[in-house]
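J.: Residue numbering for the sequence shown follows our numbering, starting at 24 and increasing by one per position. The beta-carbon is built from N, C-alpha and C at its ideal position, and this holds for glycine as well.
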Amino acid sequence: MPRFGALARTNVDADQLDPRETFMTELLNADIQLIQRILPHRYPFLLVDKVEDIDGTQTAVGIKNVTMNEPHFQGHFPGLPIMPGVTIVEAMAQTAAVMVGTALDMADKEMKVYFMAIDKCKFRRKVGPGDVLKMNLTTVRGKPGGKVWKFSGVATVEGEMAAEAEFTAMMDLPA
Numbered sequence: 024m025p026r027f028g029a030l031a032r033t034n035v036d037a038d039q040l041d042p043r044e045t046f047m048t049e050l051l052n053a054d055i056q057l058i059q060r061i062l063p064h065r066y067p068f069l070l071v072d073k074v075e076d077i078d079g080t081q082t083a084v085g086i087k088n089v090t091m092n093e094p095h096f097q098g099h100f101p102g103l104p105i106m107p108g109v110t111i112v113e114a115m116a117q118t119a120a121v122m123v124g125t126a127l128d129m130a131d132k133e134m135k136v137y138f139m140a141i142d143k144c145k146f147r148r149k150v151g152p153g154d155v156l157k158m159n160l161t162t163v164r165g166k167p168g169g170k171v172w173k174f175s176g177v178a179t180v181e182g183e184m185a186a187e188a189e190f191t192a193m194m195d196l197p198a
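(1) Just checking my contact of Thr162 with Thr80 at CB under 8 angstroms: how many whole Å lie between their CB atoms?
(2) Restricting to Cα atoms, I'd like to know which of Val171, Met194, Gly169, Ile111 is closest to Lys157.
(3) Below 6 angstroms CB to CB, which residues in the same chain sit around Val121 once its five sequence neighbours on both sides are set aside?
(4) Across which residues does DSSP place Val109 in a beta bridge pair?
(5) When the cut-off is 8 angstroms and only beta carbons count, does Lys170 lie next to chain B?
(6) Which same chain residues, not among the five before or five after Ser175, have their C-beta less than 7 angstroms away from its C-beta?
(7) So, is Gly165 buried or exposed, given that buried needs 16 or more other C-beta atoms within 10 angstroms?
(8) Between which two residues does the beta strand (DSSP E) holding Leu156 run?
(9) In terms of residue numbering, what span does the beta strand (DSSP E) encompassing Leu57 cover?
(10) Mind checking whether Lys145 and Ala186 have CB atoms under 8 angstroms apart?
(11) Pairing CB atoms from the region 89-100 with CB atoms from the region 146-155, are three or more of them under 8 angstroms?
(12) Helix, strand or coil for Ala130? Go by DSSP, reduced to three states.
(13) For the candidate residues Pro101, Ala130, Asp76, whose alpha-carbon lies nearest to that of Pro63?
(14) Count the other CB atoms within 10 Å of the CB of Gln117; is the residue buried (16 or more) or exposed (fewer)?
(15) Kindly indicate which three-state DSSP category Gly176 falls into: helix, strand or coil?
(16) Straight-line CA distance for Leu103 to Gly168?
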């Protein structure tokens, strides 16, 4: 969905803006084919199905359709399948990597991303088969060409918070 970048970022009437500052920003989306061209992860550890509303390197929304076919449900827990919290955090991190990878045109360039820290992590509700995990990611610190990035993420199911975390990652970007 297009939006007006300059208008969205100011409290100034449109007639007061310099026309050179008014621009359209197209929010990007990444389907599973693009995700696989950016991330090295594959089954069973590819934990994001699509990423929507990618606004440059600033924000994005990841979607994970949780199914009973995922291997962690065999033992976590038999008879009461619950998605492990660490996989929710990993799904948020993969969403952040796709956001940055899409914005920086890193498809097919063998980008690697490594966790450096996970902070302020809280789990608020169970996530299980049939749930749609929606992950809202925001860049706290990082810029194109930079190696160390910090993100803030909130994962929800049907609008209810499931998890939240801040995490720092190193982007190993090919030259």
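T.: By the coordinates alone:
(1) Stepping through the sequence shown from its first residue, residue 162 is reached at position 139. Stepping through the sequence shown from its first residue, residue 80 is reached at position 57. 6 angstroms between Cβ atoms; contact.
(2) As a position in the sequence shown, residue 157 is number 134, starting the count at 1. Comparing Cα-Cα distances from Lys157 to each of Val171, Met194, Gly169, Ile111, the minimum goes to Ile111.
(3) Residue numbering aside, residue 121 sits at position 98 when the sequence shown is read from its first letter. Its chain contains Ala53, Ile58, Ile61, Val74 as the residues whose beta carbon lies nearer than 6 angstroms to that of Val121, once the 5 sequence neighbours on both sides are disregarded; these appear in chain order.
(4) Within the sequence shown, residue 109 is the residue found at index 86, counting from 1. Looking at the DSSP assignment, Val109 forms no beta bridge with any residue, so it has no partner.
(5) As a matter of chain content, chain B is missing from the structure shown, which is built from one protein chain.
(6) By one-based count along the sequence shown, residue 175 stands at place 152. Listed in chain order, the non-local C-beta contacts of Ser175 below 7 angstroms within the same chain comprise Thr161, Val163, Glu189, local neighbours out to five positions each way being set aside.
(7) One-based indexing of the sequence shown puts residue 165 at position 142. A buried status is given to Gly165, since no fewer than 16 other beta-carbon atoms sit within 10 Å of its beta-carbon.
(8) Locating residue 156 in the sequence shown gives position 133, where the first residue counts as 1. Counting along the chain, the beta strand (DSSP E) containing Leu156 begins and ends at 155-164.
(9) Taking the sequence shown and counting its residues from 1, the one referred to as residue 57 is at position 34. According to the DSSP assignment, Leu57 belongs to no beta strand (DSSP E) but to the alpha helix (DSSP H) extending over 55-61.
(10) Indexing the sequence shown from 1 puts residue 145 at position 122. Indexing the sequence shown from 1 puts residue 186 at position 163. For Lys145 and Ala186, yes; Cβs fall inside 8 angstroms.
(11) Note that the region 89-100 touches the region 146-155; at least 3 beta-carbon pairs, one per stretch, sit closer than 8 angstroms.
(12) For the purposes of this step, residue 130 is identified with residue 107 of the sequence shown, where counting begins at 1. In the structure shown, Ala130 sits in coil (DSSP, three-state: anything other than H, G, I, E or B).
(13) Locating residue 63 in the sequence shown gives position 40, where the first residue counts as 1. Ranking Pro101, Ala130, Asp76 by Cα distance to Pro63 puts Ala130 first.
(14) For the purposes of this step, residue 117 is taken as residue 94 along the sequence shown, with counting starting at 1. With 16 or more other CB atoms across the displayed protein chains lying within 10 angstroms of its CB, Gln117 is buried.
(15) As a first step, residue 176 is located in the sequence shown; it is residue number 153 there, counting from the start. Three-state DSSP puts Gly176 in a strand.
(16) Taking the first residue of the sequence shown as position 1, residue 103 is located at position 80. Taking the first residue of the sequence shown as position 1, residue 168 is located at position 145. Rounded to whole angstroms, Leu103 to Gly168 spans 44 angstroms at the Cα level.
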